[in-house]
């Protein structure tokens, strides 16, 4: 009886040593210590923490200062009484990350500096009906120009851009974004084309994934697990487990809007029946009475609900119940105990949570041992564009040497 | 406008160097090379691959040979023509891993050697009705004794045991296993007690997770992503993404049986309504006509289906459709493109796939770009117990020095 089976470790390989110069390795080591420090850190502390010699630290710190990756800031106390030293901390000049977002109700642009602070945030209400992807991305390119110009005045230079889109993305190509009427649109190429004068690397990513990342950063709980629900014209989810985004095999995870609630229910634009989308999207809640011109769908729903309009209250009840049924499936499958309601759902939290909680408590097998929390997301509708900008700057945070080597424009 | 947000890398810490002796590090390095090799490897090749000196290799190989972790095997060709050398490969004596499984239809025990080969596999049909957890685990302890005795004759020593159970587990405590009538049963403590004469470390894990691991090992695709469905009296799933088991926050992921199919449907033993369990468990398919004494539920269903019994065919149709609806939710949420039907479902694959595939093709948003495959699992009903045994031996594969240090009984 010898069924041949190869346990996992048989596939473990020894990785070849990476061919990086010692100088780069040491520079990135020092930079990571400055990143991780909760207070300005002195050259003496850096030498102690890294085990590098004082002359090496001095040279690396000069490189990081010259490249505007770090800055000197007042005084750091290194533990020895009465011996104040010059502290080093991340620079709020130098490299910046750009985020762009195509939202249900318009376009957004955001720039963050190396410290993760938002330095520019702009929103342009914009209807999509009848507009081509080209036209939408040309508008976004103009917002990118404006963002870059605005932060240049503060000595910030955008080094990479990330575009958030409401649908699954495949190497820059948006496979299906029904809210925009897009299918197989090469948004990466279109945006690179529209911003060719900027010569920026462009990444395209699902908006719910980016918003979940922004919430993870904002929440500051590295061990976190949560399902971020992005409610709007479409419904998406960004899944975080062990402090990491769970992207699936192609980055297409979290299609919450197309979880089946009633198998024989309403027809969905996706071609199936009874998807959550048909009961809980803003469109579904608005029903036959769309938002008036100039009013966003979520604001219209909120006004009607506050006025006690029966059709809207009934629609919100249905949305809350069906959201709870679909989320129960997600939680039973993933073993996660926190749900963040984001996008337009953040505004509607008080109308959406009661039924959803009741369904979750009834349907999730393990709530007796691990109660589920449902709460509004922290960042509101800007989460995705902020997450996009943070994803851009994270490339420099991960590989600061790249910035120093390839950004001759830095002063 | 300075919303403080801390990107992920701010949480990255430099790990302290692990306090292990150089001797242990080098021994494990050499062992990993032997593990990873696709053919017997010579001492000369090991020296070249690891960068260790020949005397160091000689000493480590002697330790590994003495501990029966590796064995000399005929001749290895190290690339130089005409220079055959003694090859080294994993030992099929020495340490073994024990797996135990509480299945729908009985109890199973399995032992694997360090190469991952199954060296013992036993099954005892056993009804659970009216039996306490104590009694069931006492039976399992006797099967463990028999397994240990059987493989001792082949110079194999069991070093650790893993128990598979059909439900979510929390540090050895089975939270909820309706198929067994268990709730908050400390199966780890009960099994340790029943096997106290063996003095084995015991791990308790969900059976679908273990079966998924066994399929991963057997399939040999390290980059794999799949949903393993364990069909039986209960329905569970083991989720593999990027070649890793996705366990969720507490190891409770994959509660596929409690995904909602019809929100207002049949009451489920879990307290909710319309769970997949109520339509697609073996009990549900058997309906009012349970399997005759001495016949397993899956065999009874298969016999009736082959005989064209209308009620059984209709029940299988419903099971297939509802399974497809629930799986569509899983695939939309996780972005996985392969489903393996395991447990009793492996036997019923030909009756369960047609409707399930149709539902998946209609309901999963991305099937146009990434078609979904539904196929039977490779290992059949023994997957979980084999996965349990592999999980046990993997502890030695990961930390061979532990075995050498703490197993004075090795000849």
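Chains as they are written, first to last, in UniProt numbering: chain H, 1 to 411; chain L, 1 to 411. We treat Cβ as the ideally placed atom computed from N, Cα and C, and that holds for glycine. Small disclaimer: the values here were computed from a predicted structure and weren't measured.
- Counting only the Cα atoms, residue 232 (chain L) lies some 9 Å from residue 105 (chain L).
- Note on geometry: alpha-carbon atoms of residue 88 (chain L) and residue 94 (chain L) lie some 15 Å from one another.
- Beta-bridge pairing by DSSP links residue 170 (chain L) to L:173.
- Contact between the segment 285-300 of chain H and the segment 327-336 of chain H is absent, with fewer than three C-beta pairs closer than 8 Å.
- Between residue 229 (chain L) and residue 340 (chain L), the CB-CB gap stays under 9 Å.
- Inter-residue distance for residue 152 (chain L) and residue 120 (chain L) is about 11 Å (C-alpha atoms, whole angstroms).
- Beta-bridge pairing by DSSP links residue 120 (chain L) to L:111.
- Among the residues of the segment 359-385 of chain H, those with a Cβ less than 7 Å away from any Cβ of chain L are 362, 363, 365, 366, 369, 370, in the order of the chain.
- In the DSSP annotation of this structure, the continuous segment of the alpha helix (DSSP H) that includes residue 392 (chain L) starts and ends at 383-398.
- Residue ranges of uninterrupted beta strand (DSSP E) with 3 or more members are absent from the segment 31-68 of chain H; none lies entirely inside it.
- A direct Cα-to-Cα measurement between residue 236 (chain H) and residue 252 (chain L) gives close to 23 Å.
- Distance from the CA atom of residue 46 (chain L) to the CA atom of residue 97 (chain L), rounded to whole angstroms, is 27 Å.
- DSSP places residue 217 (chain L) inside the alpha helix (DSSP H), whose first and last residues are 207-219.
- Closest by C-alpha distance to residue 90 (chain L), out of L:280, L:272, L:64, L:401, is L:64.
- For residue 175 (chain H), the C-beta contacts it makes with chain L under 7 Å involve 366, 369, in order along the chain.
- Taking 9 Å as the threshold, the shortest C-beta distance from residue 259 (chain L) to chain H falls below it.
- Beta-bridge partners of residue 229 (chain H) (DSSP): H:237, H:341.
- In the DSSP assignment, residue 188 (chain L) is bridged to no other residue.
- When secondary structure is reduced to three states using DSSP, residue 96 (chain L) falls in the strand class.
- Beta-bridge partners assigned by DSSP to residue 72 (chain H): H:88.
- The three-state reading of DSSP puts residue 132 (chain H) in coil, since its state is none of H, G, I, E or B.
- Remark: C-beta atoms of residue 343 (chain H) and residue 210 (chain H) do not approach each other more closely than 9 Å.
- Annotated three-state conformation of residue 304 (chain H) is helix, per DSSP.
- Proximity of chain H to residue 269 (chain L) at the Cβ level (cut-off 9 Å) is not reached, the minimal Cβ distance being about 11 Å.
- With respect to chain H, the C-beta atom of residue 253 (chain L) has a partner C-beta closer than 9 Å.
- Contacts between residue 248 (chain L) and chain H, judged by CB atoms closer than 8 Å, involve 225, 241, 334, 335, 336 in chain order.
- For a Cβ distance threshold of 7 Å, residue set 260, 263 of chain L lies close to residue 325 (chain H), ordered along the chain.
- The beta carbons of residue 380 (chain L) and residue 326 (chain L) sit no closer together than 9 Å.
- With fewer than 16 other Cβ atoms inside 10 Å of its own Cβ, residue 62 (chain H) counts as exposed.
- For residue 272 (chain H), the neighbours in chain L by C-beta distance under 7 Å run, in chain order, 362, 363.
- Of the candidates H:385, H:367, H:374, H:374 places its Cα closest to the Cα of residue 352 (chain H).
- Taking CB atoms only, residue 166 (chain H) has no neighbour in chain L less than 9 Å away.
- Inclusion of residue 389 (chain L) and residue 136 (chain L) in the CB contact set at 9 Å is not warranted, their separation being larger than that value.
- Residue contact with chain H for residue 237 (chain L): present (Cβ-Cβ distance below 9 Å to some residue of chain H).
- When the five nearest sequence neighbours on each side are left out, the beta carbons in the same chain lying within less than 8 Å of the beta carbon of residue 70 (chain H) are those of 31, 34, 61, 64, 88, 89, 90, 91, in order along the chain.
- The Cβ-Cβ distance between residue 150 (chain L) and residue 166 (chain L) does not fall below 9 Å.
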